[in-house]
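J.: Residue numbers for the sequence shown follow the numbering used here, so the first one is 11 and each next one is one higher.
Ideal Cβ positions, reconstructed from N, Cα and C, are used throughout, including at glycine.
These figures come from a predicted structure and were not determined experimentally.
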Amino acid sequence: MPIKCPVAPLEFCFLADWYFTERGIRDQVQITYATPLDAAFTKPIAAGQLGGMLAERGIELVTEFNTGEVDGGGGRLVGYDGREIPFDLAAVIPLHGGATYVGRSPGLGDELDFVPADEHTLQAKAAPNIFVIGDAANVPTSKAGSVTHFEGETLVGNVQRYLAGEPLEAGFDGHANCFIETGFHKALLIDFNYDTEPPPRPLPRKGRAAAAQGVAAQPPRQAALPVRLLAQPAPRPLSPRSRLDHAHRRQAHSGPSGGLTHADQPRRRRHRRPQRRRLLHRPRAVDRSHGPRARRRRRHRRVLRDRRRRPDHLHLTMAHFTDVIDDLKEPTHSLSRAIPDTWNGFTQLHKAAVADGALPAKAKELMALAIAVVKQCDGCIAYHAKAAARRGATPDEVAETLGVALLMDGGTASVYGPRAWAAYREFATPATATPVAV
Ligand SMILES: Cc1cc2nc3c(=O)[nH]c(=O)nc-3n(C[C@H](O)[C@H](O)[C@H](O)COP(=O)(O)OP(=O)(O)OC[C@H]3O[C@@H](n4cnc5c(N)ncnc54)[C@H](O)[C@@H]3O)c2cc1C
């Protein structure tokens, strides 16, 4: 793709939204993401999810916008198709191209100076003794550091094979993954290849725990790129051949019993089982498609798949109050379409009531949270805990708010107060962030 790292501008928007929210001036700033792509991302499922996240944050997405002119004086971006986008500040990414020496080498590069290559062997189309890696390559996957890394696995072997006069391995499958900072101490991880779209699903539990520790211990930038995550078994699709290789290597390394004595084996199985179930693309040396374990595995996958179908699942899920909000989305939209005038009126009321005024918006959200506790309304708790967290409410402020609810409501608030506390922690605490591996 002639775009370097298509998630970078998305991160820019998410982080700008976070920054302005933290400064309490988000409602005075309009953020627009204009992209030449036809959606928020190159892959349709992720594009839908990421587009939803932009919408949820009030970031306007303008697609198929090819900038023809930047009118700095007039504050306008003008597209080749005549569309205009006004701005006070524009961050404009210039046309991305390959290295100039490629352009100077006849027949090596394409019109943008990238080097066309076989997408699986990485051998240049220009000549058999040229191999291409990284941003230089014209292959249909993202221009990302991770892609360069995965390409390296195939390319090194193929250079050796070429020099030895052996057939090349069509080993590169377009594997890419990207961490995406989404602000508010949270991040996503998407992982895909030529054939497999990023399927939204949660990280294996172990990875989540590691991520949570990394997030808790470090400032936001590192928090979003928890290096320990990379040490987790990568849930990457393996070709049938790689699966066999993998299984053989494992056996050669550890012997038929995996290096353990016979007596050790039951314990080893107990330890390995949870991890095995979560790795959807684990190597298989034997046919495991039948039997009760296979059925359980299939059922588990079905459950995951159903969860994925819920809108916005890509966004830090597996948390109760996030799910509460998700579950309400569709019926809320449906009801609002059924009574548009009434619902618009309610939306106006909501905006006006919680806007910054004599009382800051954060205080209003805390009041709403206390009332939600008294009303015993889980959906209201989820919404206002999330809003309070986004408005920068501190744990002490939320705790004292819930103390007032307890004072006024007594017994039932001793149940719904802790629920609101859990909701706030879910939305505010970095350690509860659950980046999604796909
Ligand atoms: C803002 C931004 C954010 C990004 N975020 C991510 C991310 O989160 N995750 C991710 O995976 N990727 C990300 N990327 C993309 C990633 O940085 C690149 O895809 C990756 O660095 C490409 O590696 P490369 O080795 O092909 O090229 P490069 O890293 O560009 O290395 C090429 C090297 O060749 C040198 N060079 C150039 N011409 C010559 C010459 N004539 N002679 C000698 N040396 C030369 C250059 O100086 C450079 O050091 C991001 C990119 C940007 C711009």
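Grab the span of the beta strand (DSSP E) containing Tyr-43 for me, first residue to last.
T.: Walking along the sequence shown from the start, residue 43 turns up at place 33. 41-44 is the extent of the beta strand (DSSP E) around Tyr-43.
J.: For the beta strand (DSSP E) containing Ala-197, name the first residue and the last one.
T.: In the sequence shown, counting from the first residue as 1, residue 197 sits at position 187. Counting along the chain, the beta strand (DSSP E) containing Ala-197 begins and ends at 196-202.
J.: Is Ile-69 near ligand 1, in the sense that its beta carbon is under 8 angstroms from a heavy atom of that ligand?
T.: Residue 69 sits at position 59 when you count from the first residue of the sequence shown. Not under cutoff, so the answer is no.
J.: Please go through the same chain and pick out, in chain order, the residues whose beta-carbon is closer than 7 angstroms to the beta-carbon of Gly-78, but skip the five residues on each side of it.
T.: Here residue 78 corresponds to residue number 68 of the sequence shown, with the count starting at 1. So the list reads Val-88, Gly-89, Tyr-90, once near-sequence residues are dropped.
J.: Once the 5 residues before and after Gln-223 are set aside, which same chain residues still bring their CB inside 6 angstroms of it?
T.: As a working note, residue 223 is residue 213 in the sequence shown. With a pLDDT of only 36 at Gln-223, under the threshold of 50, the placement of this residue in the model should not be trusted; the figure read from the coordinates follows. So the list is empty, once near-sequence residues are dropped.
J.: Beta carbon of Ser-156: closer than 8 angstroms to some heavy atom of ligand 1?
T.: The residue given as residue 156 occupies position 146 in the sequence shown. Answer for Ser-156: yes, Cβ within range of ligand 1.
J.: Quick check: Asn-384 and Thr-352, are their CB atoms within less than 9 angstroms of each other?
T.: Residue numbering aside, residue 384 sits at position 374 when the sequence shown is read from its first letter. Residue numbering aside, residue 352 sits at position 342 when the sequence shown is read from its first letter. Asn is not the amino acid found at residue 384; the sequence shown has Val there. No.
J.: Could you name each continuous alpha helix (DSSP H) segment of 4 residues or more that falls completely within the region 84-141, going from the start of the chain to the end?
T.: Within the region 84-141, the complete alpha helix (DSSP H) runs of at least 4 residues are 110-114.
J.: Quick check: the region 133-140 against the region 183-191, are there 3 or more CB pairs under 8 angstroms?
T.: Verdict: no, contact absent.
J.: Threshold first: 4 residues or longer. Then list the alpha helix (DSSP H) segments lying entirely within the region 32-84, N to C.
T.: With a minimum length of 4 residues, the continuous alpha helix (DSSP H) runs that stay inside the region 32-84 are 54-66.
J.: Just the Cα atoms here: how many angstroms apart are Leu-417 and Arg-36?
T.: In the sequence shown, the residue the question calls residue 417 occupies position 407. In the sequence shown, the residue the question calls residue 36 occupies position 26. Whole-angstrom Cα-Cα distance: 33 angstroms.
J.: Could you give the distance in angstroms between the alpha-carbon of Leu-235 and the alpha-carbon of Pro-350?
T.: Sequence index remark: in the sequence shown, residue 235 carries index 225 (1-based). Sequence index remark: in the sequence shown, residue 350 carries index 340 (1-based). Interpretation of Leu-235 is limited by its pLDDT of 27, a score under 50 that renders its predicted location unreliable; the figure taken from the coordinates is listed afterwards. Leu-235 and Pro-350: Cα-Cα distance of roughly 42 angstroms.
J.: Tell me the residue span of the alpha helix (DSSP H) that contains Ala-362.
T.: Against the sequence shown, residue 362 aligns to sequence position 352. Per DSSP, Ala-362 belongs to the alpha helix (DSSP H) from 350-364.
J.: Could you tell me if the beta carbon of Gly-113 falls within a distance shorter than 8 angstroms of some heavy atom in ligand 1?
T.: Looking up residue 113 in the sequence shown gives position 103. Checking the Cβ of Gly-113 against ligand 1 gives no.
J.: For Ser-152, is the classification buried or exposed, using 16 other Cβ atoms within 10 angstroms of its Cβ as the cut-off for buried?
T.: In the sequence shown, counting from the first residue as 1, residue 152 sits at position 142. Its Cβ being crowded by 16 or more others within 10 Å, Ser-152 is buried.
J.: Round the Cβ separation of Phe-331 and Glu-436 to the nearest angstrom and send it over; I've been treating them as touching at under 8 angstroms.
T.: To locate residue 331, count along the sequence shown from 1; it is residue 321. To locate residue 436, count along the sequence shown from 1; it is residue 426. Between Glu-436 and Phe-331 the Cβ distance is about 5 angstroms, and since that is below 8 angstroms, they are a contact.
J.: If the criterion is Cβ atoms closer than 9 angstroms, does the pair Phe-124 and Ala-146 meet it?
T.: By 1-based counting over the sequence shown, the position of residue 124 is 114. By 1-based counting over the sequence shown, the position of residue 146 is 136. Yes, these two residues count as a Cβ contact at 9 angstroms.
J.: Cutting at 8 angstroms between CB atoms, please list the residues of its own chain near Arg-280, excluding the five before and the five after it.
T.: The residue given as residue 280 occupies position 270 in the sequence shown. Reliability of the predicted coordinates at Arg-280 is poor, the pLDDT of 43 falling under 50, and no value is obtained from them.
J.: Classify Gln-232 as buried or exposed, calling it buried when 16 or more other Cβ atoms lie within 10 Å of its own Cβ.
T.: Taking the sequence shown and counting its residues from 1, one reaches residue 232 at position 222. Low local confidence applies: a pLDDT of 26 at Gln-232 is under 50, so the model's placement there is unreliable, with the coordinate-based value given in what follows. When all chains shown are included, Gln-232 counts as exposed.
J.: Ignore the nearest five residues each way along the sequence and tell me which others in Lys-372's own chain have a CB closer than 7 angstroms to its CB.
T.: Taking the first residue of the sequence shown as 1, we reach residue 372 at position 362. Only Ala-398, Arg-401, Gly-402, Ala-403 meet the Cβ criterion.
J.: Measure the Cβ-Cβ separation of Gly-184 and Glu-129 and say whether it is below 9 angstroms.
T.: The residue given as residue 184 occupies position 174 in the sequence shown. The residue given as residue 129 occupies position 119 in the sequence shown. A contact, by the Cβ cut-off of 9 angstroms.
J.: Any heavy atom of ligand 1 within a distance shorter than 8 angstroms of the CB on Phe-189?
T.: Your numbering for residue 189 matches position 179 in the sequence shown. Correct: Phe-189 has its Cβ closer than 8 angstroms to ligand 1.
J.: How would you write the range of the alpha helix (DSSP H) that Phe-160 sits in, first residue to last?
T.: Along the sequence shown, read from residue 1 onward, the residue named residue 160 stands at position 150. Segment 155-174, the alpha helix (DSSP H) holding Phe-160.
J.: Given this structure, state the Cα-to-Cα distance separating Ser-344 from Ala-415, to the nearest angstrom.
T.: By 1-based counting over the sequence shown, the position of residue 344 is 334. By 1-based counting over the sequence shown, the position of residue 415 is 405. The alpha-carbon atoms of Ser-344 and Ala-415 are separated by roughly 32 angstroms.
J.: Taking only the alpha-carbon atoms, compute the straight-line gap between Phe-30 and Glu-176 and give it to the nearest angstrom.
T.: Stepping through the sequence shown from its first residue, residue 30 is reached at position 20. Stepping through the sequence shown from its first residue, residue 176 is reached at position 166. Computed Cα separation, rounded: 57 angstroms.
J.: Given the structure, does Ile-140 come close to ligand 1, in the sense that its CB is under 8 angstroms from one of the ligand's heavy atoms?
T.: Counted from its first residue, the sequence shown places residue 140 at position 130. No, ligand 1 has no heavy atom inside 8 angstroms of this Cβ.
J.: Can you tell me whether Val-72 is buried or exposed, with buried defined as 16 or more other CB within 10 angstroms of its CB?
T.: Taking the first residue of the sequence shown as 1, we reach residue 72 at position 62. Exposed, since its Cβ has fewer than 16 Cβ neighbours within 10 Å.
J.: When every heavy atom of ligand 1 is checked, does at least one fall within less than 8 angstroms of the C-beta of Ile-349?
T.: If you number the sequence shown from 1, residue 349 lands on position 339. Incorrect: Ile-349 has no Cβ contact closer than 8 angstroms to ligand 1.
J.: For Ala-382 versus His-394, is the C-beta spacing smaller than 9 angstroms?
T.: Indexing the sequence shown from 1 puts residue 382 at position 372. Indexing the sequence shown from 1 puts residue 394 at position 384. Yes, the pair counts as a contact, with Cβ atoms nearer than the cut-off.
J.: For Gly-144, does the three-state DSSP call read helix, strand or coil?
T.: In the sequence shown, counting from the first residue as 1, residue 144 sits at position 134. Three-state result, Gly-144: helix.
J.: Going along the chain, which residues of its own chain have a beta-carbon closer than 7 angstroms to the beta-carbon of Arg-127, five neighbours each way excluded?
T.: If you number the sequence shown from 1, residue 127 lands on position 117. Looking at the sequence provided, one finds Ala at residue 127 rather than Arg. Hits under 7 angstroms: Gln-133, Ala-134, Lys-135, Val-142, Ala-147, Asn-148, Val-149.
J.: Report the residue from Asp-419, Ala-433, His-360 whose alpha carbon sits nearest the alpha carbon of Asp-333.
T.: Taking the sequence shown and counting its residues from 1, one reaches residue 333 at position 323. If we check each option's Cα against that of Asp-333, Ala-433 comes out closest.
J.: Along the chain, where does the alpha helix (DSSP H) that runs through Glu-410 open and close?
T.: Taking the first residue of the sequence shown as 1, we reach residue 410 at position 400. Glu-410 -> alpha helix (DSSP H) spans 405-419.
J.: Which residue comes first and which comes last in the beta strand (DSSP E) that contains Ala-186?
T.: Position 176 of the sequence shown, counted from the first residue, corresponds to residue 186. It spans 186-193 - the beta strand (DSSP E) in which Ala-186 sits, taken as one unbroken run.
J.: Specify, as a first and last residue, the run of the alpha helix (DSSP H) that Arg-400 falls within.
T.: For the purposes of this step, residue 400 is identified with residue 390 of the sequence shown, where counting begins at 1. Note, Arg-400: alpha helix (DSSP H), 388-400.
J.: Would you say Ala-109 touches ligand 1, meaning its beta carbon is less than 8 angstroms from a heavy atom?
T.: For the purposes of this step, residue 109 is taken as residue 99 along the sequence shown, with counting starting at 1. Indeed, a heavy atom of ligand 1 lies less than 8 angstroms from the Cβ.
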